[in-house]
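Enquirer:
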Amino acid sequence: MTEFARRIYKIVLDIPLGQTRSYKWVAAKAGRPRAARSVGTILKNNPLPLIIPCHRVVKSNKDAGGYVYGVKAKKELLKLETEMLGCLRNRK
DNA sequence: CAAACTATTCAGC
DNA sequence: GCTGAATAGTTTG
824 MTEFARRIYK IVLDIPLGQT RSYKWVAAKA GRPRAARSVG TILKNNPLPL IIPCHRVVKS
884 NKDAGGYVYG VKAKKELLKL ETEMLGCLRN RK
């Protein structure tokens with residue numbers, strides 16, 4: 824656990840639903856713009872993998888990159904989250 | 001497509 | 001403690 828990792832968690836948690844950020848983007852926000860690789864390693868080794876929306880963090884070209892539950896699930900989660908947002912908006 | 005760069009973690013020493 | 005290898009990436013040639 825390092826300060827770098829701590830920043831990453833905070834930043835990733837700050838990503839809005841239905842949106843994606845690149846590893847590079849998170850790394851830059853964390854203060855190490857060249858540590859995109861470290862971001863991925865830290866995210867997969869994060870202490871609370873379930874409360875950290877790792878599926879919102881993707882590669883620069885919007886590619887999924889990698890995911891514990893499968894890259895496919897990652898994209899599906901993004902889609903479901905977006906739809907869920909619409910559902911919440913439509914509620915009265 | 002292959003190589004270099006990067007920060008973190010793990011295994012050996 | 002330090003070194004070397006590995007990793008859910010990015011950039012450059």
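In my numbering, each residue carries its 1-based index in the first sequence increased by 823.
Note that the Cβ used here is the ideal one computed from N, Cα and C, for glycine as well.
Because the structure is a prediction, the values reported are computed rather than measured.
#1: Helix, strand or coil: how does DSSP classify SER861 here?
#2: So, TYR832 versus LYS882, is the Cβ gap smaller than 9 Å?
#3: Verify whether the separation of the beta carbon atoms of GLU899 and GLY841 is less than 9 Å.
#4: In this structure, how does DSSP classify ARG855 when only helix, strand and coil are distinguished?
#5: What whole-angstrom Cβ distance do LYS885 and THR843 have, given they're in contact under 8 Å?
#6: Buried or exposed: ILE865, going by 16 or more other Cβ atoms within 10 Å of its Cβ?
#7: Sorted by chain position, which residues of the same chain lie with C-beta nearer than 8 Å to ARG855's C-beta, five sequence neighbours on each side aside?
#8: Within the continuous alpha helix (DSSP H) that includes ARG830, where are the two ends?
#9: If you draw a straight line from the C-alpha of ARG830 to the C-alpha of LEU873, how long is it?
#10: Per DSSP, what kind of secondary structure is VAL880 in: helix, strand or coil?
Expert: In short:
#1: helix
#2: no
#3: no
#4: coil
#5: 7 Å
#6: buried
#7: PHE827, SER861
#8: 826-836
#9: 17 Å
#10: strand
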